[in-house]
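Just so we're aligned, residue 13 is where the sequence shown starts under my numbering, counting upward by one. Virtual Cβ for every residue (Gly too), placed ideally from N, Cα, C.
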Amino acid sequence: MNGPMWRIDDEDGSPEITGTPRPLLVTGRAIRDALARTWRIWVGATIVGGILGVLAVVGLPRSATASTTLLMVHPNPGESAMTTDMTLLQTRAVASAVLAELDLKESPEALLSTVTVTKVNDQILYVTVSGPDQASAVARSTSLVNHFLEFRAKQMRSVAEGLIDGYEKKIAGLKSQVDSLTREYDRLSSATKLDDVRASDILASRATMANQITVTQSDVEEASLETNAAILATHVIDAPRAAAVGLKRQLMLFAASGALLGGALSVGIILFRVLTSDRLRQRREVATALGVPVRVGVGAISPRGVLRRTEAAVMSWVARHSRHAASRATPALASHLNSVRWSERGRQRNLEALIHGLESALPPRLTNGPRSGGNHDTPRRAGSRSAPATLGLAAVDRADTAAAVLRAAADRMAERGVQVLLVDLSSNGALAGSPGLSNPSDATRPRTFRPEGGDPALSHGPRRIRRHPERDPDELGDLGVAWDEADLVLVLLEVDPGIHLDVVRTWVNRIVPLVTAGRANSELLSTIAGLVAEAGLEMPFALLEGADRSDQTLGQPPPMAEDPDALAAAQSS
């Protein structure tokens, strides 16, 4: 009986991390480079923000204020009287009267929220009313003041009338008592024996009450006079007037605020992307992910036709306008064209550098001149094909850029007398719209082939490789003839991580990836490198387009770790 079998897993079996990891912290230089790279974005956002701020001042309705000053006269002056007036001004009754007069569709509370009352002293009130515009503010202020004074006068008269009514009731009571004393005195006087003491007291009491009646009547008159005087003396010192609007100040304030907001928002988004993005921009990062050096890393390129289209559009615009308008616009147009030409020269230099880098992957017999003994005017006999040199340019992200580079390289080789066949395996036929570097004659123009039907990336080519049967010459048709006549076959590819590259070997044996800076991450490039190695294709180096000027890294992958197993596997392969 066999004993139990034990298996102890190695706890330290985690794979060793080789190479230089990407820094976790973004340096100040990386942030500076990102801002320098995207200066058009945040400068444009700043300008747009300022323009929107100006448009907000000019186009949107602006609130205005109207102010007025009132002289408030009170029957009993004092702080409490002024507080009462301020309270009366901000009542719903006054606000409702204003809304009814001006036919405003808002609540009394909303109207009162636009009213500001300031007490200057015990007799001066300063009232400010806001409105959608100056005319509305003046109308609201005028109506508010008028209804307030009317409402205040009504309340003061109501108070005075209550006071007078009390005085009159007091006078009536006093008169009733006087009449009673008078009747009692008359009765005593008619008696046989007069009570002198009682008669004297009645006369004294009646005199006192008569005096009180006189004083009270005087109070009634005084209350009425004071109330009427206070109402008549209260008036508007300064009529409602709209406050002057500082348009220039508002324009500057809103423009500065909009520019600051637009710039800060765009810079914040840019820095957020820098801090969170895993896209590769430096030559060293791309070389590390692919495992091959980056032979050429240049700035952005564009097809040569951009300048011609720009000049044609500008000249067409000039032709449509009068001679006077064209003469005035000529300096500005000339300056614009000069800037376009300067930018185009920089792109042209970048394109030349990529062509030079791509040519370094070709055999020297092709880059130094046409194949010896080759007669390009006489086609080869069918069935006597000699394998042409092949090279594939793999567009990692932008097929149009790779097509421009490949077309320009084909035109350059055609100028040297090399028979070039272009094969377009891209999904959208990018080679068809690429203008190229030059305009060769029809005799030397590189031929372009694009497989028909299905996915071009899955089409088999004429190359003889193991595990793929040789295609019949009749099946190849024009492709076979062009392949026989070609000295060089340049193939445009688009690498899909989900599709094996084994079929690409039927077209090329060597592949050069063209990476656009900031468009691919490390995982994608590592996957592409693994697919290329698994398919048995050779990848001597890579090209980088759109690199920053501030990139000072060397486009070399880090040295491999001295792993005995890896060295043994490399030797056995």
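Coarse secondary structure for residue i, derived from DSSP in three states
i	result
Asn240	helix
Gly567	coil
Val60	helix
Pro435	The displayed chain sequence assigns Val, not Pro, to residue 435. Of the three classes helix, strand and coil, the one that applies to Val435 here is strand, per DSSP.
Val306	strand
Asn362	helix
Leu272	helix
Arg199	helix
Pro315	Bear in mind that the predicted position of Pro315 carries a pLDDT of just 46, short of 50, making it unreliable; the figure below should be weighed with that in mind. Of the three classes helix, strand and coil, the one that applies to Pro315 here is coil, per DSSP.
Leu186	helix
Ala554	strand
Thr50	coil
Arg169	helix
Asp231	helix
Ala373	coil
Asp560	coil
Arg428	coil
Leu549	coil
Gly40	helix
Asp423	helix
Gly71	helix
Asn223	helix
Asn158	helix
Asp207	coil
Arg178	The sequence given here places Gly at residue 178; Arg does not occur at that position. If DSSP states are grouped into helix, strand and coil, Gly178 belongs with the helices.
Gly90	coil
Gly441	coil
Among the options, the one whose alpha carbon lies nearest that of residue i
i	options	result
Phe160	Ser188, Met84 and Leu193	Met84
Glu464	Arg475, Phe284 and Gly441	Gly441
Leu488	Thr103, Leu273 and Arg462	Arg462
Lys187	Arg169, Thr226 and Asp208	Thr226
Arg253	Val298, Ser148, Leu370 and Gly270	Ser148
Gln431	Val129, Ala407 and Ala498	Ala498
Ala172	Ala219, Val232, Arg361 and Ala211	Val232
Leu116	Ile136, Gly143 and Lys131	Gly143
Val544	Leu124, Leu302, Glu364 and Leu200	Leu302
Ala42	Ala422, Arg359, Val286 and Arg459	Val286
Arg169	Lys260, Ser236 and Gly90	Ser236
Val141	Gly185, Leu193, Thr81 and Gln294	Thr81
Lys181	Pro571, Gly311 and Gln229	Gln229
Leu292	Trp54, Ala93 and Ala529	Ala529
Ser155	Gly174, Ala401, Val110 and Glu234	Val110
Met94	Ser201, Thr288 and Thr130	Thr130
Val435	Glu557, Gly404, Gly429 and Arg428	Gly404
Ser562	Arg295, Ala184, Ser201 and Ser278	Arg295
Asn380	Gly358, Ala420 and Glu427	Glu427
Ser278	Ala68, Val55 and Asp213	Val55
Gly558	Gly309, Ala68 and Trp51	Gly309
Asn533	Pro509, Glu364 and Thr565	Pro509
Leu556	Glu196, Arg307, Ser153 and Ala105	Arg307
Thr460	His472, Ala415, Ser153 and Asp467	Ala415
Ile511	Leu64, Asp467 and Ala245	Asp467
Leu47	Gly275, Gly429, Asp213 and Ala68	Gly275
Rounded distance between the beta-carbons of residue j and residue i, thought under 8 Å
i	j	result
Val501	Trp495	7 Å
Arg476	Arg517	About 10 Å separates the two Cβ atoms, so there is no contact after all.
Val417	Leu366	5 Å
Ala267	Gly71	No, Ala267 and Gly71 are not in contact; Cβ-Cβ is about 13 Å, not under 8 Å.
Ala107	Pro120	4 Å
Arg522	Thr402	7 Å
Pro87	Ala242	5 Å
Ala6	Thr77	Only positions 13 to 585 of the chain appear in the structure, and residue 6 is not among them; the question remains open.
Val437	Ala469	Just to set this straight, residue 437 is Leu in the shown sequence, not Val. The Cβ separation is near 5 Å, so the contact holds.
Ile597	Pro525	There is no way to answer for residue 597, as the model of the chain reaches only from 13 to 585.
Ala547	Val527	In fact, because the Cβ distance is near 19 Å, the residues do not count as touching under 8 Å.
Arg164	Leu100	5 Å
Strand pairing of residue i, partner residues [DSSP]
i	result
Pro525	Ala406
Arg253	Ser79
His247	Leu83
Arg291	Asn533
Ala401	Leu500
Residue i: CB within 7 Å of a non-hydrogen atom of the ligand COA
i	result
Met84	The ligand COA is not part of the structure shown, which contains no ligands of any sort.
Minimum Cβ-Cβ distance from residue i to chain C less than 8 Å
i	result
Arg195	Note that chain C does not occur in the displayed structure, where there is just one protein chain.
Can you check the segment 93-156 for any beta strand (DSSP E) of at least 3 residues that lies completely inside it and give the ranges in chain order?
-> If one requires a minimum length of 3 residues, the beta strand (DSSP E) runs lying completely within the segment 93-156 are 127-131 and 136-143, in chain order.
Can you list the beta strand (DSSP E) stretches of 3 or more residues lying completely in the segment 457-522, in chain order?
-> If we require 3 residues or more, the beta strand (DSSP E) runs fully inside the segment 457-522 come out as 459-461 and 500-506.
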